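A.B. asks: Residue numbers (the numbering used here): 3 to 219.
Structure incoming, see below.
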Amino acid sequence: MTPSFFLAYDGSGIDGGLYTEVIGWAHSSPNWFDQLVKVWSAVGLGLFAIFMVYGWWKARSDDSAVMARVLASPLIVIAAYAVNSGLKSLVQENRPCQQMPTSVTLETCPVAGDWSFPSNHSVIAFAAATALLFAYRRLGWVAMVFAALMAASRVWVGVHYPHDVAVGALVGIVAGIPLALLAGRLAPLVDRLRSGPLAPVLGAGRAVPAMDWQHRY
């Protein structure tokens, strides 16, 4: 027997009823709203890249620990995605739109073998938000709100169970926290880079006391 047998190959037994209920809400909602959710679900991850760019721009005039965390945020997302890909391959859970073919979804069902658990979109969004939270709290919390909207949209369009996006959020957060903390330790490296050819990219920063590492605004 494969490991997927012992885990959640058929996720409908976990929260298939809730999934079906959400799909029903989607079909009873105005078309304009469904189309808005579809667009957000498809391209919304780009917003998190914009958040990172904004964080970088803001960090150019901030201390090096903040800049280190901002620069690490895409790498944190990649690391969280890699962990999630391993979980997907281990669990091998079918998409709900494959397992429950009577459900008519807003988005075309992914092909067989494009596993459902955990949600990549959810992992990416929450890992990005977590990384940014350790650089700038306000920006991070705004990103968290949009991460939750991304997770919800993946269920709304019919390509994930609720538990897929919930665990995806957990993976993104759990992977993001220690990596963001470690990134702050790269402040001395950023200091050196700021005095070299990368100074125009990294900015001059600002001098802060050693204990002021919690500055986030």
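The beta-carbon is built from N, C-alpha and C at its ideal position, and this holds for glycine as well.
Being a predicted model, the structure only gives us computed values, none of them experimental.
In chain order, what residues of the same chain have a beta carbon less than 8 Å from the beta carbon of GLY18, not counting five sequence neighbours either side?
C.D. replies: Mapped onto the sequence shown, residue 18 falls at position 16. Cβ within range, chain order: PRO98, GLN101, MET102 and TYR163.
A.B. asks: In whole angstroms, give me the CA-to-CA distance for GLN37 and ASN86.
C.D. replies: For the purposes of this step, residue 37 is taken as residue 35 along the sequence shown, with counting starting at 1. For the purposes of this step, residue 86 is taken as residue 84 along the sequence shown, with counting starting at 1. Going by the C-alpha atoms only, they are around 28 Å apart.
A.B. asks: CA-CA distance, LEU89 and ALA153?
C.D. replies: Numbered from 1 along the sequence shown, position 87 holds the residue referred to as residue 89. Numbered from 1 along the sequence shown, position 151 holds the residue referred to as residue 153. Rounded to the nearest angstrom, the two C-alpha atoms are 18 Å apart.
A.B. asks: Use the C-beta contact count for SER30: other C-beta atoms within 10 angstroms, 16 or more gives buried, fewer gives exposed.
C.D. replies: In the sequence shown, residue 30 corresponds to position 28, counting from 1. Looking at its Cβ environment, which holds fewer than 16 other Cβ atoms inside 10 Å, SER30 is exposed.
A.B. asks: For the putative contact between VAL125 and SER43, defined by C-beta atoms under 8 Å, what is the C-beta separation to the nearest angstrom?
C.D. replies: Counting from one through the sequence shown, the residue named residue 125 turns up at place 123. Counting from one through the sequence shown, the residue named residue 43 turns up at place 41. Actually they do not touch by this definition, with Cβ atoms about 15 Å apart.
A.B. asks: Just verifying my parser: in three-state terms, what is the DSSP assignment at GLU23?
C.D. replies: Counted from its first residue, the sequence shown places residue 23 at position 21. Of the three classes helix, strand and coil, the one that applies to GLU23 here is helix, per DSSP.
A.B. asks: Do you know how far the Cα of PHE148 is from the Cα of ALA70?
C.D. replies: Taking the first residue of the sequence shown as 1, we reach residue 70 at position 68. Taking the first residue of the sequence shown as 1, we reach residue 148 at position 146. C-alpha separation (whole angstroms): 23 Å.
A.B. asks: Does the Cβ of LEU184 have 16 or more other Cβ atoms within 10 Å, making it buried, or fewer, making it exposed?
C.D. replies: For the purposes of this step, residue 184 is taken as residue 182 along the sequence shown, with counting starting at 1. Flag for LEU184 reads exposed.
A.B. asks: Hey, how far is the Cα of VAL169 from the Cα of ALA84?
C.D. replies: Position 167 of the sequence shown holds residue 169. Position 82 of the sequence shown holds residue 84. So the alpha carbons of these two residues sit roughly 15 Å apart.
A.B. asks: Between the alpha carbons of PRO190 and ALA131, how many angstroms are there, rounded?
C.D. replies: By one-based count along the sequence shown, residue 190 stands at place 188. By one-based count along the sequence shown, residue 131 stands at place 129. Approximately 24 Å, taken between the alpha carbons.
A.B. asks: Please tell me whether GLY186 and ALA67 are closer than 8 Å, where the distance is taken between their beta carbons.
C.D. replies: For the purposes of this step, residue 186 is identified with residue 184 of the sequence shown, where counting begins at 1. For the purposes of this step, residue 67 is identified with residue 65 of the sequence shown, where counting begins at 1. Yes. Within cutoff.
A.B. asks: On the DSSP letters alone, give me the boundaries of the alpha helix (DSSP H) that LEU108 sits inside.
C.D. replies: Position 106 of the sequence shown, counted from the start, is the residue given in the question as residue 108. First-last for LEU108: undefined, no H or E at that position.
A.B. asks: Once DSSP output is grouped into helix, strand and coil, what is the label at ALA94?
C.D. replies: As a position in the sequence shown, residue 94 is number 92, starting the count at 1. First, the amino acid is wrong: residue 94 is Gln here, not Ala. The answer is coil: DSSP assigns GLN94 none of H, G, I, E or B.
A.B. asks: Would you mind sorting PRO120 into buried or exposed? The rule is 16 or more other CB atoms within 10 Å of its CB.
C.D. replies: Locating residue 120 in the sequence shown gives position 118, counting from the first residue. So PRO120 counts as buried.
A.B. asks: Unbroken beta strand (DSSP E) runs of length 3 or more, entirely within the region 133–212: which are they?
C.D. replies: Counting whole runs of 3 or more residues, the region 133–212 contains no beta strand (DSSP E) stretch at all.
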